[in-house]
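**Q** Per my numbering, the sequence shown starts with residue -19, numbered consecutively. Virtual Cβ for every residue (Gly too), placed ideally from N, Cα, C.
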Amino acid sequence: MAQSLWDAAADLIKVTETHPFLIAMVDGSLSEESFRYYAIQDALFLTDFASCLELLAAKMKIEISDDDATKEASIQRIKDLAVGIEEAEKELHRSFFAHWDIDACNATSMPNTLLYTSYMMRVVSTRPYAEGLAVLLPCFWVYMHIGNCMLKLREELDGKSTERRPAQFDAWIDMYSGEEFETEVKDYIAIVDKAAEGAGEETLSKMKEHFIMCCKLEYMFWTQAQTLMSWPDFQG
């Protein structure tokens, strides 16, 4: 099932592979201002993403039949992934903030951040757990895929580019192209596949809809950082 979601979004994912923000991160031409903006917004996003995982685990406990032998293992894995966000991904961001000597605690979610997290939270909160699994899948799978694409491009460009790539860019690429993250993604995909086995046609259709939407929102999230999007000045 998960592969069919990926195939349905193949064109979107293909375009994302060459997003200017990501290419500039690899070749070293991305401004620090844009990357700082991204890191702050991503930290805010990850906080809500972890909350979605925790809520999803609670819903799975209620909605999955007690005679499903994989129920407890799947729920525990979802909880572990939520913890991993705090201990690994957000720790990476905190290391960036320490390097830059900034405090992002009072940062505000920008438009596309709020759009993405609100959509995820709505689906996880109000729809069947299988749909919740699908709406969170792009953040795992697309990041792993993009991380691997960026790793390949970095290997091709190293020694050729005249730009000096900041260490923070390499740390980001290393995390999302790493084996540990790949294991997390594959585990999550397996849980999605298991959930799809007992889902009806309407739920499967909604899972596809959510996956495609969040692939779009992933692209928009990087565009937001590239353009340094901000809220309009409502003071007039």
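#1: Express the C-alpha separation of Ala179 and Glu217 in angstroms, rounding to a whole number.
#2: With the cut-off set at 8 Å, would you say Ser14 and Gln148 are in Cβ contact?
#3: Suppose contacts are defined by Cβ-Cβ distances below 8 Å. Is Trp202 in contact with His73 by that definition?
#4: Do Tyr96 and Phe1 come within 8 Å of each other at the CB atom, strictly closer than that value?
#5: If you follow the alpha helix (DSSP H) that Gln21 is in, where does it begin and where does it stop?
#6: Using beta-carbon positions only, say whether Ala62 and Glu43 come within less than 8 Å of one another.
#7: Count Cβ pairs between the segment 83 to 100 and the segment 155 to 173 that sit closer than 8 Å; are there 3 or more?
#8: Taking the straight line between their C-alpha atoms, what separation do you get for Phe76 and Glu67?
#9: Among the candidates Val103, Glu164, Gln21, whose CA atom is the shortest distance from the CA of Thr183?
#10: Quick one: what does DSSP say Ser157 is sitting in, helix, strand or coil?
#11: Between Ala23 and Gly127, what straight-line distance do the alpha-carbon atoms span, to the nearest angstrom?
#12: Using the Cα positions of Ala114 and Met124, report the straight-line distance between them to the nearest angstrom.
#13: By a C-beta neighbour count over all protein chains shown, 10 Å radius and 16 as the cutoff for buried, is Thr(-4) buried or exposed?
#14: Count the other CB atoms, across all protein chains shown, that sit within 10 Å of the CB of Lys132; report buried if there are 16 or more and exposed otherwise.
#15: Should Lys(-6) be labelled buried (16 or more other beta-carbon atoms within 10 Å of its own) or exposed?
**A** According to the structure data:
#1: This structure leaves residue 217 out entirely; the chain is present only between -19 and 216.
#2: Taking 8 Å as the Cβ cut-off, Ser14 and Gln148 do not qualify as a contacting pair.
#3: Not closer than 8 Å, so no.
#4: One thing to note: Phe1 has its Cβ no nearer than 8 Å to the Cβ of Tyr96.
#5: First-last of the alpha helix (DSSP H) with Gln21: 12 to 43.
#6: For Ala62 and Glu43, no; Cβs fall outside 8 Å.
#7: No, the segment 83 to 100 does not touch the segment 155 to 173.
#8: For Phe76 and Glu67, the distance between alpha carbons rounds to 14 Å.
#9: Selection Val103, Glu164, Gln21 evaluated against Thr183 yields Val103 as nearest (Cα-Cα).
#10: The answer is coil: DSSP assigns Ser157 none of H, G, I, E or B.
#11: Roughly 18 Å separates the two Cα atoms.
#12: Each residue's alpha carbon lies about 16 Å from the other.
#13: So Thr(-4) ends up on the buried side.
#14: With fewer than 16 other Cβ atoms within 10 Å, it is exposed.
#15: Exposed, by the Cβ-count rule.
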